[in-house]
Amino acid sequence: MLSTIAMTLLLGPFGQLEPGDTVRSLTVDGRERTYLVHVPPSYDGTKPFPVILIFHGGGSNARQMVRFCGLNEKADQAGFLAVYPNGTGRRERMLTWNAGNCCGYARWHNVDDVKFVRVLLKDLGKIAKIDPKRVYATGMSNGGMMAYRLASELSEMIAAIAPVSGPMGTEKCHPNRPVSVIHFHGTEDLFAPFEGGRGRRSISQTEFYSVEHSIRAWVKANGCPEAPVVENEPDRTEDGTTVVRKT
């Protein structure tokens with residue numbers, strides 16, 4: 713049984729979101745779930761705005777992700793609603809997502825985080841004018857893995873995803889429609905290794921799927937050519953990083 717309870721901090725006279733930061737509270741499958749919304753100054757409720765769902769990594773939370781990613785500033789510049797869902801866990805600062813084979817509390821307790829996001833978007837649609845065709849998901853590590861799971865199991869509501877350092881957490885993907893994917897991953901990642909397997913600095917002990925596995929699955933699902941176009945991007949010599957783009 714699912715019920716919804718809303719708690720807001722910044723609402724207009726008709727229950728609509730106003731520019732600023734808002735906390736929402738929902739009950740999903742008997743659990744209290746929360747998410748943060750940053751509304752840019754350009755939002756006035758007269759036209760639909762795109763939404764970016766921004767998922768924190770494992771062992772983190774939404775407020776830490778706000779400070780980490782800097783997307784509130786980008787939302788103010790580009791004009792979108794920045795939404796930061798909270799995972800689940802025993803400690804407020806140590807939350808995780810059930811992204812398939814990872815991670816922590818959410819996986820151990822089989823938390824239905826896909827259902828949570830579905831309810832979240834329905835709730836957001838009641839208090840904000842959103843463009844249902846422009847709902848995107850991104851996230852770091854376990855949060856990036858969650859973006860992949862949404863693209864597979866909630867493809868009717870997700871237009872594109874941008875996982876960062878988080879591969880697929882499932883063997884296969886089954887979207888109902890094509891979902892655009894841009895994946896960012898360091899080849900020397902010590903938490904979720906680029907080649908897959910257990911990360912040397914990962915506390916989850918997860919045997920991660922490789923980045924290649926993730927990309928190949930979505931190349932097939934989206935009907936893309938198997939052979940990518942490979943381009944070397946300009947390097948930032950001061951940090952020793954090189955960038956290769958495959959499209």
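Quick note on numbering: the sequence shown equals residues 713 to 959 in this note's numbering. Where is the CB? At the ideal position from N, CA and C, for every residue including glycine.
Selection from the options that minimises the alpha carbon distance to residue i
i: arginine 803; options: Ser772, Ile766, Tyr755 and Ser864; result: Ser772
i: leucine 729; options: Arg745, Thr758, Glu744 and Thr739; result: Thr758
i: valine 829; options: Val795, Ala787, Asp951 and Ala790; result: Val795
i: threonine 734; options: Pro797, Ala871 and Phe920; result: Pro797
i: aspartate 788; options: Cys814, Phe761 and His886; result: Phe761
i: threonine 882; options: Glu868, Met852, Thr918 and Leu902; result: Thr918
i: arginine 805; options: Gly898, Leu783, Ala774 and Ala939; result: Ala774
i: glutamate 865; options: Lys838, Asp824, Ile842 and Leu902; result: Asp824
i: glycine 952; options: Leu807, Gly898 and Lys834; result: Gly898
i: valine 923; options: Met857, Gly732 and Gly782; result: Met857
i: alanine 790; options: Ser754, Val749, Asn810 and Asp947; result: Ser754
i: histidine 821; options: Leu833, Pro937, Thr800 and Lys834; result: Thr800
i: glycine 732; options: Val740, Val749 and Thr808; result: Val749
i: arginine 839; options: Asp756, Val740 and Arg743; result: What sits at residue 839 in the sequence shown is isoleucine, not arginine. Taking only the C-alpha atoms, the option nearest isoleucine 839 is Asp756.
i: proline 752; options: Val778, Gly770 and Glu785; result: Glu785
i: leucine 807; options: Asn813, Lys834 and Arg745; result: Arg745
Close beta carbons around residue i, own chain, < 8 angstroms, minus the five adjacent residues each side
i: histidine 956; result: In the sequence on display, residue 956 carries valine and not histidine. Excluding positions up to five away in sequence, the list reads Val942, Glu943, Asn944 and Glu945.
i: phenylalanine 903; result: Ser853, Ser877, Gly911, Arg913 and Ser914
i: glutamine 776; result: His768 and Arg805
i: aspartate 947; result: Thr953, Thr954 and Val955
Coil, strand or helix - residue i by DSSP
i: lysine 705; result: Because the chain in this structure spans residues 713 to 959, residue 705 falls outside the shown range and cannot be described.
i: lysine 932; result: helix
i: histidine 897; result: coil
i: valine 891; result: coil
i: glutamate 907; result: coil
i: proline 725; result: Residue placement at proline 725 is flagged as unreliable, the pLDDT there being 42, under the threshold of 50; a coordinate-derived value is accordingly withheld.
i: asparagine 944; result: strand
i: lysine 845; result: strand
i: aspartate 835; result: helix
i: leucine 738; result: strand
i: lysine 827; result: helix
i: glycine 816; result: helix
i: alanine 871; result: coil
i: methionine 880; result: coil
i: glycine 952; result: coil
i: arginine 743; result: strand
i: arginine 913; result: coil
Spatial neighbours of residue i in its chain, beta-carbon cut-off 6 angstroms, leaving aside the 5 residues before and after
i: tyrosine 921; result: Pro879, Met880 and Gly908
i: alanine 874; result: Thr850 and Ile894
i: proline 905; result: Gly911
i: serine 892; result: Ala872
i: valine 826; result: Glu865 and Leu866
Whole-number beta carbon distance between residue j and residue i, since they are thought to touch under 8 angstroms
i: leucine 862; j: alanine 849; result: 5 angstroms
i: isoleucine 766; j: leucine 783; result: 6 angstroms
i: alanine 929; j: lysine 884; result: 6 angstroms
i: serine 916; j: cysteine 815; result: 5 angstroms
Same chain, Cβ closer than 7 angstroms to residue i, five either side skipped, listed in chain order
i: isoleucine 842; result: Pro760, Phe761, Val763, Leu793 and Leu836
i: isoleucine 927; result: His895
i: tyrosine 747; result: Arg736, Ala774, Val795, Tyr796, Pro797, Asn798 and Leu832
i: proline 887; result: Ala863, Ser864, Ser867 and Ala933
i: glutamate 938; result: Val931
Can you give, in chain order, each stretch of the alpha helix (DSSP H) that sits fully within the segment 745–814 and has at least 4 residues? 774–781 and 783–790
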